[in-house]
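Take a look at the structure set out below.
In full-length UniProt numbering, the protein residues as written are 1 to 185.
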(Lines of atoms letter the chains of each structure in order from A and count residues from 1; the text may use other names and numbers.)
(Lines give C-alpha, C1' and ligand atoms only; values in the text may rest on other atoms or scores of the structure.)
Protein backbone atom coordinates (compact mmCIF):
# COMPACT_ATOMS: atom_id res chain seq x y z
CA UNK A 1 0.00 0.00 0.00
CA UNK A 2 2.97 2.30 0.65
CA UNK A 3 4.04 2.13 -2.98
CA UNK A 4 0.57 3.17 -4.07
CA UNK A 5 0.66 6.09 -1.68
CA UNK A 6 4.17 6.98 -2.86
CA UNK A 7 3.06 6.93 -6.48
CA UNK A 8 -0.01 9.02 -5.76
CA UNK A 9 2.06 11.49 -3.74
CA UNK A 10 4.59 11.66 -6.59
CA UNK A 11 1.82 12.41 -9.08
CA UNK A 12 0.38 15.07 -6.76
CA UNK A 13 3.79 16.64 -6.19
CA UNK A 14 4.55 16.61 -9.90
CA UNK A 15 1.25 18.24 -10.73
CA UNK A 16 1.73 20.80 -7.95
CA UNK A 17 5.20 21.73 -9.20
CA UNK A 18 3.89 22.08 -12.71
CA UNK A 19 1.00 24.20 -11.55
CA UNK A 20 3.39 26.53 -9.70
CA UNK A 21 5.72 26.93 -12.67
CA UNK A 22 6.16 30.32 -14.35
CA UNK A 23 3.33 31.26 -16.70
CA UNK A 24 5.16 30.68 -20.00
CA UNK A 25 6.19 27.20 -18.90
CA UNK A 26 2.68 26.40 -17.61
CA UNK A 27 1.21 27.53 -20.90
CA UNK A 28 3.44 25.04 -22.68
CA UNK A 29 2.11 22.19 -20.50
CA UNK A 30 -1.22 21.45 -22.13
CA UNK A 31 -3.67 18.61 -21.57
CA UNK A 32 -2.04 16.20 -24.02
CA UNK A 33 1.38 16.58 -22.42
CA UNK A 34 -0.04 16.08 -18.93
CA UNK A 35 -1.97 13.05 -20.10
CA UNK A 36 1.12 11.59 -21.74
CA UNK A 37 3.14 12.15 -18.57
CA UNK A 38 0.55 10.46 -16.34
CA UNK A 39 0.23 7.53 -18.76
CA UNK A 40 4.02 7.15 -18.80
CA UNK A 41 4.07 7.10 -14.99
CA UNK A 42 1.33 4.46 -14.89
CA UNK A 43 3.22 2.30 -17.39
CA UNK A 44 6.25 2.02 -15.12
CA UNK A 45 6.68 -1.02 -12.90
CA UNK A 46 5.92 1.08 -9.82
CA UNK A 47 2.77 2.40 -11.45
CA UNK A 48 1.60 -1.09 -12.35
CA UNK A 49 2.29 -2.34 -8.82
CA UNK A 50 0.37 0.58 -7.35
CA UNK A 51 -2.64 -0.17 -9.55
CA UNK A 52 -2.51 -3.87 -8.61
CA UNK A 53 -2.41 -2.97 -4.92
CA UNK A 54 -5.37 -0.65 -5.36
CA UNK A 55 -7.33 -3.39 -7.11
CA UNK A 56 -6.48 -5.89 -4.36
CA UNK A 57 -7.67 -3.50 -1.65
CA UNK A 58 -10.95 -4.74 -0.12
CA UNK A 59 -12.43 -1.26 0.14
CA UNK A 60 -11.71 -0.63 -3.54
CA UNK A 61 -13.22 -3.98 -4.54
CA UNK A 62 -16.39 -3.21 -2.62
CA UNK A 63 -16.66 0.06 -4.48
CA UNK A 64 -16.19 -1.71 -7.82
CA UNK A 65 -18.64 -4.56 -7.21
CA UNK A 66 -21.88 -4.10 -9.13
CA UNK A 67 -25.19 -5.16 -7.67
CA UNK A 68 -26.02 -8.53 -9.25
CA UNK A 69 -29.78 -7.98 -8.95
CA UNK A 70 -29.44 -4.77 -10.95
CA UNK A 71 -27.52 -6.61 -13.67
CA UNK A 72 -30.06 -9.43 -13.76
CA UNK A 73 -32.97 -6.98 -13.98
CA UNK A 74 -31.31 -5.01 -16.75
CA UNK A 75 -30.57 -8.13 -18.79
CA UNK A 76 -34.12 -9.42 -18.37
CA UNK A 77 -35.61 -6.08 -19.41
CA UNK A 78 -33.28 -5.84 -22.39
CA UNK A 79 -33.86 -9.39 -23.63
CA UNK A 80 -37.62 -9.35 -23.24
CA UNK A 81 -38.23 -5.93 -24.76
CA UNK A 82 -39.36 -5.51 -28.38
CA UNK A 83 -35.97 -4.09 -29.30
CA UNK A 84 -34.33 -7.10 -27.66
CA UNK A 85 -36.50 -9.50 -29.64
CA UNK A 86 -35.64 -7.71 -32.88
CA UNK A 87 -31.95 -7.75 -31.98
CA UNK A 88 -31.95 -11.51 -31.37
CA UNK A 89 -33.92 -12.20 -34.55
CA UNK A 90 -31.46 -10.16 -36.59
CA UNK A 91 -28.36 -11.59 -34.96
CA UNK A 92 -29.49 -15.21 -35.42
CA UNK A 93 -30.03 -14.59 -39.13
CA UNK A 94 -26.24 -14.38 -39.37
CA UNK A 95 -25.30 -18.02 -40.00
CA UNK A 96 -21.76 -17.64 -38.66
CA UNK A 97 -23.03 -16.26 -35.35
CA UNK A 98 -25.78 -18.89 -35.11
CA UNK A 99 -23.25 -21.69 -35.76
CA UNK A 100 -20.81 -20.36 -33.17
CA UNK A 101 -23.61 -19.89 -30.64
CA UNK A 102 -24.88 -23.43 -31.23
CA UNK A 103 -21.39 -24.92 -30.88
CA UNK A 104 -20.86 -23.02 -27.64
CA UNK A 105 -24.06 -24.39 -26.13
CA UNK A 106 -23.85 -27.90 -27.61
CA UNK A 107 -22.23 -29.57 -24.59
CA UNK A 108 -24.72 -27.95 -22.22
CA UNK A 109 -27.63 -29.07 -24.41
CA UNK A 110 -26.26 -32.61 -24.46
CA UNK A 111 -26.01 -32.61 -20.66
CA UNK A 112 -29.61 -31.40 -20.34
CA UNK A 113 -30.89 -34.02 -22.80
CA UNK A 114 -28.97 -36.83 -21.07
CA UNK A 115 -30.33 -35.68 -17.72
CA UNK A 116 -33.86 -35.57 -19.13
CA UNK A 117 -33.51 -39.07 -20.60
CA UNK A 118 -32.81 -40.36 -17.08
CA UNK A 119 -35.78 -38.48 -15.59
CA UNK A 120 -38.74 -40.89 -15.07
CA UNK A 121 -41.35 -38.15 -15.55
CA UNK A 122 -39.80 -37.07 -18.84
CA UNK A 123 -39.55 -40.70 -20.00
CA UNK A 124 -43.22 -41.26 -19.19
CA UNK A 125 -44.24 -38.11 -21.05
CA UNK A 126 -42.08 -39.01 -24.07
CA UNK A 127 -43.51 -42.54 -24.17
CA UNK A 128 -47.02 -41.10 -23.97
CA UNK A 129 -46.33 -38.91 -26.99
CA UNK A 130 -44.76 -41.77 -28.96
CA UNK A 131 -47.58 -44.20 -28.15
CA UNK A 132 -50.34 -41.75 -29.01
CA UNK A 133 -52.45 -43.30 -31.83
CA UNK A 134 -52.50 -39.98 -33.69
CA UNK A 135 -48.71 -39.82 -33.62
CA UNK A 136 -48.41 -43.44 -34.78
CA UNK A 137 -50.61 -42.61 -37.75
CA UNK A 138 -48.43 -39.58 -38.56
CA UNK A 139 -45.26 -41.73 -38.30
CA UNK A 140 -46.76 -44.28 -40.71
CA UNK A 141 -47.78 -41.59 -43.19
CA UNK A 142 -44.35 -40.01 -42.94
CA UNK A 143 -42.54 -43.32 -43.49
CA UNK A 144 -44.65 -44.04 -46.57
CA UNK A 145 -44.14 -40.62 -48.16
CA UNK A 146 -41.89 -40.28 -51.19
CA UNK A 147 -40.15 -37.27 -49.64
CA UNK A 148 -39.12 -39.30 -46.57
CA UNK A 149 -37.95 -42.20 -48.69
CA UNK A 150 -35.81 -39.86 -50.82
CA UNK A 151 -34.36 -38.33 -47.67
CA UNK A 152 -33.66 -41.76 -46.19
CA UNK A 153 -31.96 -42.88 -49.41
CA UNK A 154 -29.80 -39.75 -49.36
CA UNK A 155 -28.80 -40.35 -45.73
CA UNK A 156 -27.93 -43.99 -46.44
CA UNK A 157 -25.83 -43.00 -49.47
CA UNK A 158 -23.99 -40.36 -47.44
CA UNK A 159 -23.36 -42.87 -44.66
CA UNK A 160 -22.09 -45.54 -47.04
CA UNK A 161 -19.78 -43.08 -48.80
CA UNK A 162 -18.32 -41.84 -45.53
CA UNK A 163 -14.65 -42.89 -45.17
CA UNK A 164 -15.17 -43.59 -41.47
CA UNK A 165 -18.11 -45.87 -42.15
CA UNK A 166 -16.26 -47.61 -44.99
CA UNK A 167 -13.36 -48.36 -42.63
CA UNK A 168 -15.69 -49.68 -39.91
CA UNK A 169 -17.59 -51.79 -42.44
CA UNK A 170 -14.34 -53.16 -43.85
CA UNK A 171 -13.10 -54.05 -40.36
CA UNK A 172 -16.37 -55.83 -39.56
CA UNK A 173 -16.17 -57.82 -42.82
CA UNK A 174 -12.59 -58.89 -42.03
CA UNK A 175 -13.62 -59.87 -38.52
CA UNK A 176 -16.56 -61.90 -39.84
CA UNK A 177 -14.29 -63.61 -42.40
CA UNK A 178 -11.81 -64.55 -39.65
CA UNK A 179 -14.61 -65.87 -37.44
CA UNK A 180 -15.97 -67.95 -40.33
CA UNK A 181 -12.48 -69.30 -41.08
CA UNK A 182 -12.02 -70.29 -37.42
CA UNK A 183 -15.39 -72.06 -37.34
CA UNK A 184 -14.64 -74.05 -40.50
CA UNK A 185 -11.33 -75.34 -39.08
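Every residue, glycine too, gets a C-beta built ideally from N, C-alpha and C.
Output the distance between the C-alpha atoms of residue i and residue j, rounded to the nearest integer angstrom.
| i | j | result |
| --- | --- | --- |
| residue 150 | residue 139 | 16 angstroms |
| residue 127 | residue 113 | 15 angstroms |
| residue 55 | residue 119 | 46 angstroms |
| residue 85 | residue 137 | 37 angstroms |
| residue 108 | residue 32 | 50 angstroms |
| residue 92 | residue 43 | 41 angstroms |
| residue 125 | residue 57 | 54 angstroms |
| residue 36 | residue 81 | 43 angstroms |
Could you check if residue i is buried or exposed, using at least 16 other CB atoms within 10 Å of its CB as the buried criterion?
| i | result |
| --- | --- |
| residue 134 | exposed |
| residue 177 | exposed |
| residue 143 | exposed |
| residue 47 | buried |
| residue 50 | buried |
DSSP on residue i, reduced to helix/strand/coil?
| i | result |
| --- | --- |
| residue 93 | coil |
| residue 86 | helix |
| residue 140 | helix |
| residue 145 | coil |
| residue 58 | helix |
| residue 150 | helix |
Taking the alpha helix (DSSP H) that residue i belongs to, which residues open and close that run?
| i | result |
| --- | --- |
| residue 44 | Looking at the DSSP string, residue 44 is not in any alpha helix (DSSP H), and its letter there is neither H nor E. |
| residue 170 | 163 to 184 |
| residue 30 | No alpha helix (DSSP H) holds residue 30; DSSP gives it neither H nor E. |
| residue 121 | 120 to 131 |
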